[in-house]
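Sequence lines, in order, name chains A, B, C and D.
Heads up: take any position in the first sequence, counting from 1, add 53, and you land on our numbering.
Heads up: take any position in the second sequence, counting from 1, add 53, and you land on our numbering.
Heads up: take any position in the third sequence, counting from 1, add 53, and you land on our numbering.
Heads up: take any position in the fourth sequence, counting from 1, add 53, and you land on our numbering.
Each residue gets a CB set at the ideal place from its N, CA and C atoms; glycine is no exception.
Protein chains: 4
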Amino acid sequence: MIYLKNDYSLGAHPQIMQALSDTNMIHTTGYGEDPFCEEARRLLKKQLAADEADIHFLMGGTQTNLTAMAAFLRPHHAIIAADSAHICVHETGAIEATGHKVIACPSPDGKLLPQQIEDAVLVHKDEHMVKPKLVYISNTTEVGTVYDRDELQALRSVCDKYGLYLYLDGARLGCALTAPDIQLTLADLARLTDAFYIGGTKNGVLFGEALAILNPELKEDFRYHIKQRGGMMAKGRLLGIQFRELFKDGLYFDLARHANEMAQILKNGIIGGGYEFFVDSPTNQIFPILPNMVADHLRELVSFEDWQPYGDRATVIRLVTSWGTTEDEIMEFLRHL
Amino acid sequence: MIYLKNDYSLGAHPQIMQALSDTNMIHTTGYGEDPFCEEARRLLKKQLAADEADIHFLMGGTQTNLTAMAAFLRPHHAIIAADSAHICVHETGAIEATGHKVIACPSPDGKLLPQQIEDAVLVHKDEHMVKPKLVYISNTTEVGTVYDRDELQALRSVCDKYGLYLYLDGARLGCALTAPDIQLTLADLARLTDAFYIGGTKNGVLFGEALAILNPELKEDFRYHIKQRGGMMAKGRLLGIQFRELFKDGLYFDLARHANEMAQILKNGIIGGGYEFFVDSPTNQIFPILPNMVADHLRELVSFEDWQPYGDRATVIRLVTSWGTTEDEIMEFLRHL
Amino acid sequence: MIYLKNDYSLGAHPQIMQALSDTNMIHTTGYGEDPFCEEARRLLKKQLAADEADIHFLMGGTQTNLTAMAAFLRPHHAIIAADSAHICVHETGAIEATGHKVIACPSPDGKLLPQQIEDAVLVHKDEHMVKPKLVYISNTTEVGTVYDRDELQALRSVCDKYGLYLYLDGARLGCALTAPDIQLTLADLARLTDAFYIGGTKNGVLFGEALAILNPELKEDFRYHIKQRGGMMAKGRLLGIQFRELFKDGLYFDLARHANEMAQILKNGIIGGGYEFFVDSPTNQIFPILPNMVADHLRELVSFEDWQPYGDRATVIRLVTSWGTTEDEIMEFLRHL
Amino acid sequence: MIYLKNDYSLGAHPQIMQALSDTNMIHTTGYGEDPFCEEARRLLKKQLAADEADIHFLMGGTQTNLTAMAAFLRPHHAIIAADSAHICVHETGAIEATGHKVIACPSPDGKLLPQQIEDAVLVHKDEHMVKPKLVYISNTTEVGTVYDRDELQALRSVCDKYGLYLYLDGARLGCALTAPDIQLTLADLARLTDAFYIGGTKNGVLFGEALAILNPELKEDFRYHIKQRGGMMAKGRLLGIQFRELFKDGLYFDLARHANEMAQILKNGIIGGGYEFFVDSPTNQIFPILPNMVADHLRELVSFEDWQPYGDRATVIRLVTSWGTTEDEIMEFLRHL
């Protein structure tokens, strides 16, 4: 069985496992105040070219999103997001459970446009409506597309115009940063967003996300919020050990680049087979449109997700590559197709 | 430095690390629906003698407590707990953040008495007050004491009398079950509580708690609540792998028993030195009262927590042993003392 | 100045004021447990042909909606509503502030279709998404349209099919029940919904809404929720006195019918002037499309609300009649137009 | 029957009813933006000697408390209050339902001491605990006692020392300001608190509380919060009309002074009868300790509340006077006693 269902079906990259094993019998302080977390923070701040950034390690994406937004916003504040955003669809109302409305904007390619933000702000004009205060975007988006630097700059400008925070969900940020023809860096994100997180779970670690808070007014007492939402690990060092490993020699980028490359070989092969795509993604999630018979044939050999029907006779499927996907698997998939 | 500050200062027991390593490159489904979690659930249900129990794996204690209570209660329901309860003191208002009041009852030894529950229910007599609905206890308690079976039976009776749920926080449950002269078993807990959790983080795994829901009316849709509160791990298998290891051959009990034994040697040695204790604990947390000069002397060699001042010249300190504490360390401590 | 801006710009109908004055110096118990509330409840149950209904009096619509939904739902439950619904647009995220997501369905005429409910249920298929549990509709809708009995029956059927609650916001229910050619009665609503409220504020009282809970599983402890959300009036009798007056001799229906009649005269006059309407409403809110010059001319004499631009040269305006609107005012408006 | 059960058993003072009647058929804008509210705000700011104060009118005490505290605090912030505080006991967990813990301090006379605040702050020392941020007091307290100016000054000082907000619940503030030998004025409160409310419901109006926000950092967007919590009246003018009446000629103070005077005559009469009091209150709530036989005899003629048993043979009862209590009623009570 070739596994292309998601990018979290394995454990961790062997280098990560080795680091966990090597440090296992060292005593440290708990709750993320250990030397490993300190070192990982230092490495990340360097990458961000932002010494003053606050870096917090959390266990998963939904947890990071809900903790950050609950901490950043007052009760009447709302969030603007694409209708395909993870927080709109796949977090079981986690944001609403902390009290905030999410304003969903239609987006066929998963990206939010500056004009949509402006429109959403202007329609909410008085105290009988929520007050938009934070813009949520994902990079890569939920359908694998990427915001490049100039697009983020345009979002930043509209946020500045209306006093909005810009928050970036980086569950698959590695794949965005290493996508072909993309100019974006972590330092750009530190300059352009109020806060963003660097996803580890889907890029080679057992679990873990690193949240960077850049805007000083969002930093105060953030650790209280992590604890209150159940996100403060007793053995917080596990997050520090893993992120230190990801960023000490560029492993984070290598793993993401590999996932992207595997996806692009796959994509080209599928195009070569005469099939089209639902969305044009340059990263590790691709969405071919396959006749139902072809899709059913693939099922025998490949684990993947059905995305949505495409008329009566075809289906959009999602194929996801990861740091663990091999070129052999891709080739076998293409032969089978 | 001898580390007696807490029971989560190391990584995991080597057997756990080995299991994580052995399974690392196997692809599985995410979110706790993998074969490892299935197997761990099967082992736990057998221990509980409760085939119909629902077992869910979560990442930490605060997360488990807040997810369970938010799922179990309606908005006007309140929780009755000892004033030293973890949810009262050390979870940054996580329960209140989900909307529920915690009614704190004074408790010098960390245990809640049936009469206190009855009193709390009776004083809340109409809709101008919250309605007590759930009793929260910890076993071991936050000061190391233990509820034995007959005490839990008495709490169960008062809960039945007033239609209350009985919930047990088992962050250190292993130490309760293996404490000297204690008759309690996991099967007893399955019979006597509506829900309880078996703590892994403080007993040998990297992280993880296993929540058992026994009362059928509390089971519905629980996975939605885990997801909504940010507690559903993408690589949920990590929890299954660790709990399978803990329960396949009794490792869970062995590790806890060891921690208790180390603490009792330590305790006897301290008594032998002529010191008294703040609370009489038979488990892995002990609370000697030391003259300030003695405490300061110990600090040079031992990492421990100051619990509270005891008059002007003495201090109550907390010493915590774990699966990783060695008899050599204990002996060295006692020599130094 | 002719006031057609809304239906809450006056105090109360003189008969209501008289009743408040007549009872002013009588001592009663507080919090809605007085004889006036009892009598009002008795009258309402008779109207509903539902002796077993629970009737609660609250102070306003947003308060009633948020209290009811917070009481009826578990944290992972979501609400399905038209995108123009009051709870979606004009309650400042009050529902989300109690933790629940509102799933908004597009609706040009303010009405929700059974198929939209079915679609919304089917797309929410697992625990990574919220679970739709309650359908919210308004009657009349926010744009003056009306659900008749057969339409509600169809909504009831789809709710039954999927185990959903049907909740009706009756802020302007009087105008729906007395609209021309509408067969609906309060007894129908008691039969077809799980809960609904009868709006007083916009139909002749100083303030007040009467919530009827029909589904037995939603009744338990509801008064706790009223208190918890700040909706329990110390002098709850004020609500009982007013609703008794509305329902002892049919005043409620007379006032709504009058508002509808004034609106229809107005509508016919505007049609006679050659203008069209944005939505075809048979009730007390109408939405003519006027050239901007005409609208500006009207502003000198009439207080009304601009609804939305209609191209560059025209505007949709909202005209609202009430129990206090006179035929003289309507005639003067039409002359001015 | 003599009614001494509470101070909200009648409608409103006749002058209030007259004002509501006189203004009934005037059209105004809704939601508190009408000329009556404007005028009432002007009168109140003058009383407060605080032109820059923000004044908001709400419908009841619980609603005011929960709206203010939810607006003022971040999720990890806690409130310090006396254990007898209305928010601790009689608001059905309304504050916790907005997510905040209330730290209850023991207080036999209903008053909070500066030292208790200091202790509560110091014990909450890190992010594993909530962070105290607001001090809640009531004046008069729930047992009729009064904070005078110097006591409030002392509370203010400790709040300043630790960066806490001082919030005063003035449900019965009129009785505090007019109590014998009390120096406190509304202008003092404007100077000493961050926010406080002036209760109308228990002092002569049908319903209504006026919240004054003094601290500029608490003012932003407050109307959003009123709306979100269901507290924004469509006919907000009703609150303006009533408060204008209360403050245009000092009616507010006259009514409270009358209530206090009636209570003190009653108190002296009871003392004359040889009875003692549970708490020494100089205001409109008094708490005599009566032999059970005497209490039972009184029940035939007087409506009052049993406060708590006092040993086996006596009971503490609560007697409450109001603007509507007459000297004849008091005399009749004393004769009966």
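Helix, strand or coil for residue i per DSSP?
i: PHE300(B); result: helix
i: GLU358(C); result: strand
i: ILE79(B); result: coil
i: ILE235(B); result: coil
i: GLU262(B); result: strand
i: PHE110(D); result: strand
i: ARG225(C); result: coil
i: VAL211(D); result: helix
i: HIS130(C); result: strand
i: LYS184(A); result: strand
i: PRO67(D); result: helix
i: ALA248(B); result: strand
i: THR120(B); result: helix
i: PHE306(D); result: helix
i: TYR61(D); result: coil
i: PRO344(B); result: strand
If you drop the 5 nearest sequence neighbours on each side, which residues of the same chain put their C-beta closer than 6 Å to that of residue i?
i: ALA93(C); result: GLY293, PHE296 and ARG297
i: PHE331(A); result: PHE340, ILE342 and VAL369
i: ASP104(A); result: LYS98
i: LEU63(D); result: GLY377
Looking only at its chain, what residues have a beta carbon closer than 8 Å to the beta carbon of residue i, apart from the 5 residues adjacent to it on each side?
i: LEU230(C); result: LEU237, THR238, LEU239, PHE306 and ALA309
i: ALA134(A); result: ILE140, CYS141, VAL155, ILE156, ALA157, CYS158, LEU165, VAL188, TYR189 and ILE190
By the 10 Å Cβ neighbour count, where 16 or more other Cβ atoms means buried, how is residue i classified, buried or exposed?
i: ALA102(C); result: exposed
i: LEU24(D); result: Outside the shown range of chain D, which is 54 to 390, sits residue 24(D), and nothing can be said about it.
i: THR194(B); result: buried
i: GLU353(C); result: exposed
i: ASP179(D); result: exposed
i: ILE324(B); result: exposed
i: VAL199(B); result: buried
i: ASN321(C); result: exposed
i: LYS280(B); result: buried
i: LYS186(C); result: buried
Roughly how far, in whole angstroms, is the beta-carbon of residue i from the beta-carbon of residue j, given that I think they are within contact range, below 8 Å?
i: LEU226(B); j: ALA248(B); result: Rounded, the Cβ-Cβ distance is 13 Å, inconsistent with contact.
i: LEU466(A); j: GLY326(A); result: The structure shown does not extend to residue 466(A), since chain A is modelled only from 54 through 390, so no value can be given for it.
i: GLN361(D); j: GLY197(D); result: About 15 Å; that fails the 8 Å criterion.
i: THR254(C); j: TYR56(C); result: Wrong, their Cβ atoms sit about 16 Å apart, outside the cutoff.
i: LEU319(C); j: PHE275(C); result: So it is not a contact: roughly 40 Å between Cβ atoms.
If you drop the 5 nearest sequence neighbours on each side, which residues of the same chain put their C-beta closer than 7 Å to that of residue i?
i: TRP376(C); result: HIS66, ASN256, GLY257, LEU308, HIS311 and ALA312
i: GLN68(C); result: GLU298 and LEU304
i: ALA121(A); result: TYR220, ALA248 and LEU264
i: CYS228(D); result: THR193, ALA309, ALA312, ASN313, THR336 and ASN337
i: GLY284(C); result: LEU111, MET112, GLN116 and THR120
So if I threshold CB-CB distances at 7 Å, which residues from the segment 126-156 of chain B count as touching chain D?
PRO128, HIS129, ALA131, VAL142, HIS143, THR145, GLY146, GLU149, ALA150, GLY152, HIS153 and LYS154
Listed in chain order, which residues of the segment 65-76 of chain B have Cβ atoms closer than 8 Å to some Cβ of chain A?
ALA65, PRO67, MET70, LEU73, SER74 and THR76
May I ask you to list, following chain order, the residues of the segment 96-124 of chain C that have a beta carbon less than 9 Å from some beta carbon of chain B?
ALA123 and ALA124
Note down, in chain order, all residues in the segment 176-190 of chain D with a beta-carbon under 7 Å from any beta-carbon belonging to chain B.
GLU180, HIS181, MET182 and VAL183
Which of the residues in the segment 227-261 of chain A, read from start to end, lie with their CB under 8 Å from any CB of chain B?
THR254, LYS255, LEU259 and PHE260
Please identify, using Cβ separations under 7 Å, the residues of the segment 267-284 of chain C that lie next to chain B, in order along the chain.
ASP274, ARG276, TYR277, HIS278, LYS280 and GLN281
Near-chain C residues of the segment 299-318 of chain D (beta-carbon distance less than 7 Å), N- to C-terminal order
none
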